[in-house]
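Take the sequence shown: its position 48, counted from the start at 1, is 54 in the working numbering, and no numbers get skipped. What follows is one structure encoded as structure tokens, with my remarks underneath.
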Amino acid sequence: MLVHMSDRDSEAFNLSKILEPILWSYAEDLDMYLPYSDWLALKKFKKVWGASAFKGADGPMRFYSNPIHYIRNHEAWIQQMTKIYKEFDRFQGLIITGWSRYDHLAVLCEMLPVGIPTLSMSAETILAGRPLDGRYEKTSKLLHCDAPYKPGFAYGCEFPGKR
């Protein structure tokens, strides 16, 4: 919405000083779904955020996590943030969300316990600032198993809610 707002309207309400816009995308290819022009349209704001997800954003009927989708999204966010942060006085950071419903009318999906491994791998990827190519040492140590990089269940892991 703010991307399409005129500079005149933004200035009239002093929005650049009171708002911190968030660009959300759960896509694996952010260059396609979150073009550079969207970021440039927000240059009038001093602070901006990005937002991703570690669960609940991959379809309405998911009962298990699809880690590779979320990992690729976070790798794409690393690329976007690396290119974009210089355009703003302050790129605040990345909000990592975890949805329990795909939309307001949907049934519950990807409950938190099945998303824990994906959350851990996503955080490890973002903190590393680069793709980890399936080598999630901190996640493996934390969950006491090989990081479940493929869709499905986390077999052999030890963490609350694993069953």
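Beta carbons: idealized from backbone N, C-alpha and C, even for Gly.
Counting only the same chain and skipping the five closest in sequence on each side, list residues whose C-beta sits under 6 Å from that of T145.
Taking the sequence shown and counting its residues from 1, one reaches residue 145 at position 139. For T145, where only same-chain residues beyond five positions count, the Cβ hits under 6 Å are S126, M127, E130, A153.
Kindly list the residues whose CB is nearer than 8 Å to the CB of E34, restricted to its own chain and excluding five residues on each side of it in sequence; keep chain order.
Looking up residue 34 in the sequence shown gives position 28. Around E34: H75, R78, N79, A82.
Could you tell me the alpha carbon to alpha carbon distance between F51 and W45, rounded to whole angstroms?
Reading the sequence shown from its first residue, position 45 is the one you call residue 51. Reading the sequence shown from its first residue, position 39 is the one you call residue 45. Rounded to the nearest angstrom, the gap between the Cα atoms of F51 and W45 is 10 Å.
Assign P41 to one of two classes, buried (16 or more other C-beta atoms within 10 Å of its C-beta) or exposed (fewer than that).
Taking the sequence shown and counting its residues from 1, one reaches residue 41 at position 35. Flag for P41 reads exposed.
DSSP beta-bridge partners of T103:
By one-based count along the sequence shown, residue 103 stands at place 97. Partner(s): A59.
Indicate whether F60 and T124 have their beta-carbon atoms separated by less than 8 Å.
Indexing the sequence shown from 1 puts residue 60 at position 54. Indexing the sequence shown from 1 puts residue 124 at position 118. Cβ atoms of F60 and T124: closer than 8 Å.
What is the residue span of the alpha helix (DSSP H) that L29 lies within?
Here the question's residue 29 lines up with position 23 in the sequence shown. Where L29 is concerned, there is no enclosing alpha helix (DSSP H), although the beta strand (DSSP E) it sits in stretches over 28-30.
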